Amino acid sequence: MSREAYTLFFRELSNDKVALIGGKNASLGELFNRLSAQGINVPDGFATTAAAYWLFLDENHLREPLTALLATVDEQEFSNLHEVGAQARAMLRAARLPQVVADEVAEAYRQLCHEYTHEIQVAVRSSATAEDLPTASFAGQHDSFLNVRGVDAVLHACQECLVSLFNDRAIKYRIQNGFNHLQVALSVGVQTMVRSDLASAGVAFTIEPETGHENLIYVTGSWGLGENVVQGAVNPDEFYLFKPALRQGKRALVTRKLGDKAKTMHYAHSDTQVAGIKNTDTPQERRETFVLTNAEAELLGLWCLRIEEHYGMPMDIEWAKDGLNNELYIVQARPETIHHGRRTLLLHEYHLTQKGKVLAKGKAVGNQIATGVARILDSPADGHRLQQGDILVTDITSPDWNTVLRKAAVIVTNKGGRTSHAAIVARELGLSAVVGTLDATEKIQDGQLITVSCAEGDEGQIYDGALPWQVTDIDLEHVAVPHTKPLLILADPDRALHLARYPSQGVGLMRMEFVINNAIRIHPMALVAFDQLTDQKARETITALTARYDTKPEYFIDQLSQAIGFVAAAFYPREVIVRLSDFKTNEYANLIGGRQFEPDEENPMLGFRGASRYYSPQYREGFRLECEALKRVRLSMGLTNVKVMVPFCRTVAEGQQVVALMDEFGLKRGEQGLEVYVMAEIPSNVILAQEFAEVFDGFSIGSNDLTQLTLGLDRDSAIVSGLFDERNEAVTRLLAQVISTARACGRPIGLCGQAPSDYPEFARFLVEQGINSISFTADALLSGMANMVAAEQALAGPPQEREPAESQKAVSV
Numbered sequence: 001m002s003r004e005a006y007t008l009f010f011r012e013l014s015n016d017k018v019a020l021i022g023g024k025n026a027s028l029g030e031l032f033n034r035l036s037a038q039g040i041n042v043p044d045g046f047a048t049t050a051a052a053y054w055l056f057l058d059e060n061h062l063r064e065p066l067t068a069l070l071a072t073v074d075e076q077e078f079s080n081l082h083e084v085g086a087q088a089r090a091m092l093r094a095a096r097l098p099q100v101v102a103d104e105v106a107e108a109y110r111q112l113c114h115e116y117t118h119e120i121q122v123a124v125r126s127s128a129t130a131e132d133l134p135t136a137s138f139a140g141q142h143d144s145f146l147n148v149r150g151v152d153a154v155l156h157a158c159q160e161c162l163v164s165l166f167n168d169r170a171i172k173y174r175i176q177n178g179f180n181h182l183q184v185a186l187s188v189g190v191q192t193m194v195r196s197d198l199a200s201a202g203v204a205f206t207i208e209p210e211t212g213h214e215n216l217i218y219v220t221g222s223w224g225l226g227e228n229v230v231q232g233a234v235n236p237d238e239f240y241l242f243k244p245a246l247r248q249g250k251r252a253l254v255t256r257k258l259g260d261k262a263k264t265m266h267y268a269h270s271d272t273q274v275a276g277i278k279n280t281d282t283p284q285e286r287r288e289t290f291v292l293t294n295a296e297a298e299l300l301g302l303w304c305l306r307i308e309e310h311y312g313m314p315m316d317i318e319w320a321k322d323g324l325n326n327e328l329y330i331v332q333a334r335p336e337t338i339h340h341g342r343r344t345l346l347l348h349e350y351h352l353t354q355k356g357k358v359l360a361k362g363k364a365v366g367n368q369i370a371t372g373v374a375r376i377l378d379s380p381a382d383g384h385r386l387q388q389g390d391i392l393v394t395d396i397t398s399p400d401w402n403t404v405l406r407k408a409a410v411i412v413t414n415k416g417g418r419t420s421h422a423a424i425v426a427r428e429l430g431l432s433a434v435v436g437t438l439d440a441t442e443k444i445q446d447g448q449l450i451t452v453s454c455a456e457g458d459e460g461q462i463y464d465g466a467l468p469w470q471v472t473d474i475d476l477e478h479v480a481v482p483h484t485k486p487l488l489i490l491a492d493p494d495r496a497l498h499l500a501r502y503p504s505q506g507v508g509l510m511r512m513e514f515v516i517n518n519a520i521r522i523h524p525m526a527l528v529a530f531d532q533l534t535d536q537k538a539r540e541t542i543t544a545l546t547a548r549y550d551t552k553p554e555y556f557i558d559q560l561s562q563a564i565g566f567v568a569a570a571f572y573p574r575e576v577i578v579r580l581s582d583f584k585t586n587e588y589a590n591l592i593g594g595r596q597f598e599p600d601e602e603n604p605m606l607g608f609r610g611a612s613r614y615y616s617p618q619y620r621e622g623f624r625l626e627c628e629a630l631k632r633v634r635l636s637m638g639l640t641n642v643k644v645m646v647p648f649c650r651t652v653a654e655g656q657q658v659v660a661l662m663d664e665f666g667l668k669r670g671e672q673g674l675e676v677y678v679m680a681e682i683p684s685n686v687i688l689a690q691e692f693a694e695v696f697d698g699f700s701i702g703s704n705d706l707t708q709l710t711l712g713l714d715r716d717s718a719i720v721s722g723l724f725d726e727r728n729e730a731v732t733r734l735l736a737q738v739i740s741t742a743r744a745c746g747r748p749i750g751l752c753g754q755a756p757s758d759y760p761e762f763a764r765f766l767v768e769q770g771i772n773s774i775s776f777t778a779d780a781l782l783s784g785m786a787n788m789v790a791a792e793q794a795l796a797g798p799p800q801e802r803e804p805a806e807s808q809k810a811v812s813v
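All residue numbers for the sequence shown refer to UniProt numbering, where the first residue is 1 and numbers rise by one.
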C-alpha cells in the first residue's frame, strides 16, 4: 500500500479529506494550503490517516473483541463504563503499531525535522473523523500531547492518541450522539510546536460567544501554553475587535480587559524525549501586562476574519505566539457550534427584585438567574453528590466533567474565562455560569442555599439565600415596532451586547458619566494637571491606575474610547447618541483627585454643569480628553454611527462656543457625517429652539430637567416631589412647542424618559405632536413601544403623514 494511505503532510490536506483525516486535521491542512498565502502563519506538520487506524485494528485483530466488549456498556446508567473503557484501552495499549505505519510516521517526522534543520518538538493531537464537524458540538473527547521530541516519543504519542478513542467520555459521547464505535476512525496530527511557553497563547471566536453578535471577534489569551485558556485554568485577557473596521483598515480593537493570568504553563525540563508540562505562578508584572500588544491583537483579528470568510461560517480558533521569533501562529480552527445558524426570536429577560449579601463574583456566562443548593465538588468522582437542579461549585472543569454538568442548574468555578471549558459547556447546555470567581469554593458552603445572577451585565453575582426574581419572555417575532423610533437609554457598556438584540433602533442616550464614575474613576483634570495635585493619596492611586500608560491623560482617553466604541460596535450601524459628561460639581468632586478642581456650590443642580464647563478655563483641558476619546471612536475605529450630545446648554452663544471648541479639538460637526445634538431641557432651549437649530443638528428632550425648571422644583427635594409631573400642562405646552419648532426647522427631536412607558396618554401626546424618537431604559422598552404603537394606530398614521399640533393651543394629557 502506498505511503500516502497512512501519512499525509499538511500541504496534501484540505477540507474535502475529512473522512480520511478527521475535521481537525482537515482544517489544519485547509489553513496551511489556502491561507498561508494570505500571510497567516500555520505551523507545518503531517497526519496519519483513517487507513492507518483501521490497519492498526486489523493487524492486531481488535475489531471483534472491541465490538463485543463495547456491547456490554450499560447505555442507560453507564454503571460499568469505567471498567469497560479501561479494558478497551488496555487492548489498544497492548497492541503494536503496524510496521509500515510506524516507518511512515518516523520518515515524516524526520522530513519535518529536516525542514527546520534540527530535531524539533511537536504537538501530537487526535482528530476523529466525526470530531469538530458542525453537527458534533463537543470537542475535547480525545487526548493530545505537547512538547514531544524524537521518533520513539512521537510513535508512542501517536499510539496513545489512538488509545484515547476509547476514553470513558469518548465512549459515552458516541453512544449519546448515535455514533457507531467501529465506524469512527482516528487520525493523528503531528504539528511543529510553537514555543508559546516562552510567550502567550489563547482562543479566538469570530462571533461573540455570549450573544452571537456577528460584528465582533472575541480573543482571549494568557501567558504560556494555550491549554490554560482552553481548560479554563486561568482568567485570561480579553480583546474585542470590530469586523467592519478590520475590513476598512481602521483601528478595530474596540475594547480590551486585563485578566489576572495567575498561572503560566511551561514545559517541565526533562532528560527524556517526552517533556511534561507544569504550571507556575505568574509574576505580578506579567499579570498586569496584556499578552498581546494592540498591533498584535489587530493582526490576529484580521487573520480570524480571513479564516471566517474562507470557511463561510463563524469559527473557533486557537492561536499561539512563539517566544523565540515573536511571531503569531494559528494552530487550530474549527466551526463555532453554539450560535452558527441559530436565529434567536425569543429572549428571556431576568430581573432580581431584591438583592442580598454577595458571596462571590466572576465573569457571567448567559443571562439567567437561578436559586438552588450549592454543591462543592472536588472532582467528577464526586458527581453522585450533585442532584438535578443543584448549583455546582468547583475549582475548574474539564471534559471529564461533562456528565456531571448536565445535572447542574448553574456552574460556578474559581478559574476560567469566557472561553473555558465550563463556559463553553454551559452555553451548549443552555445554562448560565459564573467563571473566574477566584474563591467561590472558599466563600460558599457546601449545602448552602444561594442565588446566582448572570442578569446584571458582564459580572455574575452569587448571593446568599433564595432571592426573588422575575423572568419576562420577549417574542421578537411578534413585537410590534412603531414608526416613531424606539431607542434605548444605556449607562453600563457591559450590557451593550445583550441590549443590542432588543428591537430598538439604537441608543438615544449613552451616559458618559457612568463610564467615568465606574471605569475611569479619576477626575480628568487630576490627570491633565497631575503635577499640581496636592492630595498624596490620590496621587498614589492615580499612579497605580495609570501605570500601563505612557501619559496619564491617555488613560482617560483610552478607557472612555473603549467603552463608547464597544457600545457603538454592539449597535452598529444603528445610531448611538453619546452625551458629553454631565456631572454636577459635587459629583465631579467625588472622583479621585476631584476636590482640588471643583468649587463648593450651594445648588450644584443649577450651577457649574453642562456646556458652561467645557469652555471654562477650569475644565477646558478635561473637555479636550472627552473630545479625543470621541474622535478616536469615530475617526480611528470608523464608528461613525456615534453622535454627540451637549447637555444643559443655557444660551445659543454658549452652544456656538462649545461647537467651535469641539472643532478645535478635532470633532468637526459635519465631518464624516458627525451630528451634534443638544439637550432640550431648559426653557431657553424651547423659547429659542429655532436659533438653537442653526447651531445643532438635532434635539433630545430631557424631561426631568425641563419639568423642574418649568415648575420651579428641586427634583432632589422630597418635600415638593409630589408636584413633579411631566404631564403638567405647562410642561406639555413647552414640549409641543419645541417639537413643532424642531420639525419646522428640519431637525430630528426625541425624548428620553420613563413617562411614555408608564403613561399611555403621554406616549400618545408625544406621537401626536410628531416626535421622531423616544428613548427608554431596557426594562421599559417593550411597554413603551406598545404605547407608541397604540398611539400611532389611534392617530391612524406614522409621523411623516401627520401635521404637528399647533404649539400655541392649550395642551393637556
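Idealized CB from N, CA, C, for every residue including glycine. What you are looking at is a predicted structure, and each value in this text was computed from that prediction instead of being measured.
* Residue closest to residue 685, alpha-carbon to alpha-carbon, out of 741, 636, 712 -> Here residue 685 refers to the residue found at position 685 when the sequence shown is read from its first residue. Per the Cα distances, 741.
* What are the start and end residues of the beta strand (DSSP E) that includes residue 752? -> For the purposes of this step, residue 752 is taken as residue 752 along the sequence shown, with counting starting at 1. Residues 749-752.
* Hey, residue 124 and residue 18 are a contact pair by Cβ (cut 8 Å); roughly how many whole angstroms apart? -> On the sequence shown, position 124 is the one that residue 124 refers to. On the sequence shown, position 18 is the one that residue 18 refers to. Contact doesn't hold; Cβ gap of about 20 Å is too wide.
* Is the number of C-beta pairs between the stretch 308-317 and the stretch 194-207 that are closer than 8 Å three or more? -> yes
* Range covered by the beta strand (DSSP E) that runs through residue 200 -> For the purposes of this step, residue 200 is identified with residue 200 of the sequence shown, where counting begins at 1. Its beta strand (DSSP E) spans residues 200-205.
* Tell me where the beta strand (DSSP E) around residue 321 begins and ends. => As a position in the sequence shown, residue 321 is number 321, starting the count at 1. Unbroken beta strand (DSSP E) run through residue 321: 315-321.
* To do: Output the residue ranges of the alpha helix (DSSP H) runs that lie fully inside the stretch 142-195 and measure 4 residues or longer, sorted by chain position.
  => 151-163, 168-176
* N- and C-terminal bounds of the beta strand (DSSP E) containing residue 677 -> As a first step, residue 677 is located in the sequence shown; it is residue number 677 there, counting from the start. That run of the beta strand (DSSP E) goes 676-680.
* Asked: Are the CB atoms of residue 461 and residue 486 nearer to each other than 8 Å?
  -> As a first step, residue 461 is located in the sequence shown; it is residue number 461 there, counting from the start. As a first step, residue 486 is located in the sequence shown; it is residue number 486 there, counting from the start. In this structure, residue 486 does not lie closer than 8 Å to residue 461 by Cβ.
* First and last residue of the uninterrupted alpha helix (DSSP H) at residue 821 -> Residue numbering for the chain in the displayed model covers 1 to 813; residue 821 lies beyond these limits and cannot be assessed.
* Asked: Are residue 526 and residue 559 closer than 8 Å when you measure CB to CB?
  -> For this step, residue 526 is matched to residue 526 along the sequence shown. For this step, residue 559 is matched to residue 559 along the sequence shown. Cβ atoms of residue 526 and residue 559: not closer than 8 Å.
* **Those residues which DSSP pairs with residue 473 across a bridge** => Residue 473 sits at position 473 when you count from the first residue of the sequence shown. Residue 473 pairs with 348.
* To do: Please classify residue 215: is it buried, with 16 or more other beta-carbons within 10 angstroms of its beta-carbon, or exposed?
  => Here the question's residue 215 lines up with position 215 in the sequence shown. Its Cβ being crowded by 16 or more others within 10 Å, residue 215 is buried.
* Of the residues 641, 330, 702, the one placed nearest residue 245, counting alpha carbons only -> Within the sequence shown, the letter at position 245 stands for residue 245. That would be 641, whose Cα lies nearest to the Cα of residue 245.
* Taking residue 552 as part of the beta strand (DSSP E), name the residues at either end of that continuous run. => Position 552 of the sequence shown, counted from the first residue, corresponds to residue 552. That residue, residue 552, is in no beta strand (DSSP E); its alpha helix (DSSP H) goes 552-571.
* Pick helix, strand or coil for residue 810, following the three-state DSSP scheme. => For the purposes of this step, residue 810 is identified with residue 810 of the sequence shown, where counting begins at 1. Below a pLDDT of 50, predicted positions are generally treated as unreliable, and residue 810, at 39, falls in that range; no measurement from the model is reported.
* To do: May I have the straight-line CA-CA distance separating residue 598 from residue 613, to the nearest angstrom?
  => Position 598 of the sequence shown holds residue 598. Position 613 of the sequence shown holds residue 613. Near 11 Å, if we compare the C-alpha coordinates of residue 613 and residue 598.
* Asked: Quick one: Cα of residue 357 to Cα of residue 456, how far?
  -> Residue mapping note: residue 357 aligns to position 357 of the sequence shown, counting from 1. Residue mapping note: residue 456 aligns to position 456 of the sequence shown, counting from 1. If you take the alpha carbons of residue 357 and residue 456, they lie about 15 Å apart.
* Express the C-alpha separation of residue 338 and residue 428 in angstroms, rounding to a whole number. => The sequence position of residue 428 within the sequence shown is 428, counting from 1. The sequence position of residue 338 within the sequence shown is 338, counting from 1. Distance between the alpha carbons of residue 428 and residue 338: 6 Å.
* **Identity of the residue in 416, 415, 430, 418 nearest residue 407 by Cα** => In the sequence shown, residue 407 corresponds to position 407, counting from 1. Out of 416, 415, 430, 418, 430 has the C-alpha closest to the C-alpha of residue 407.
* Would you mind giving the Cβ-Cβ distance between residue 101 and residue 6, rounded to the nearest angstrom? I have them listed as a contact below 8 Å. => One-based indexing of the sequence shown puts residue 101 at position 101. One-based indexing of the sequence shown puts residue 6 at position 6. Going by Cβ atoms, the distance from residue 101 to residue 6 rounds to 5 Å, so yes, they are a contact pair.
* **Neighbour-count burial assignment, residue 717, 16 or more Cβ in a 10 Å radius** => Position 717 of the sequence shown, counted from the start, is the residue given in the question as residue 717. Classification for residue 717: exposed.
* residue 253 bridges to which residues according to DSSP? -> Here residue 253 is taken as the residue at index 253 of the sequence shown, counted from 1. DSSP output for residue 253 lists 241 as bridge partner(s).
* Name, in chain order, the residues that DSSP records as bridge partners for residue 384. => Taking the first residue of the sequence shown as position 1, residue 384 is located at position 384. Answer is none; residue 384 lacks a bridge partner.
* Asked: residue 647 and residue 579 look like a contact to me (Cβ under 8 Å); what is the Cβ gap, rounded to whole Å?
  -> As a first step, residue 647 is located in the sequence shown; it is residue number 647 there, counting from the start. As a first step, residue 579 is located in the sequence shown; it is residue number 579 there, counting from the start. The Cβ separation is near 6 Å, so the contact holds.
* Looking only at C-alpha atoms, which of 677, 445, 488 sits nearest to residue 501? -> The sequence position of residue 501 within the sequence shown is 501, counting from 1. The candidate whose alpha carbon is nearest that of residue 501 is 488.
* Asked: Is the stretch 112-129 close to the stretch 79-96, with three or more CB pairs under 8 Å?
  -> no
* Asked: Who are the near neighbours of residue 621 in its chain, counting only those whose CB is closer than 6 Å to its CB and skipping five residues on each side?
  -> Here residue 621 corresponds to residue number 621 of the sequence shown, with the count starting at 1. Here the set comprises 528.
* For the candidate residues 250, 265, 242, 157, whose alpha-carbon lies nearest to that of residue 198? -> As a position in the sequence shown, residue 198 is number 198, starting the count at 1. Cα-wise, what sits closest to residue 198 is 265.
* **residue 116 beta carbon less than 8 Å from that of residue 154** => Translated into the one-based positions of the sequence shown, residue 154 becomes position 154. Translated into the one-based positions of the sequence shown, residue 116 becomes position 116. Cβ distance not < 8 Å, so residue 154 and residue 116 don't count as in contact.
* Do you know whose CA, among 400, 451, 38, 737, lies nearest residue 467's CA? -> Translated into positions along the sequence shown, residue 467 becomes position 467. Of the listed residues, the one whose Cα sits closest to residue 467 is 451.
* Tell me which same chain residues have a C-beta within less than 7 Å of the C-beta of residue 511, skipping the five on either side of it? -> Start at 1 with the first residue of the sequence shown, and residue 511 comes out as number 511. Excluding positions up to five away in sequence, the list reads 491, 579.
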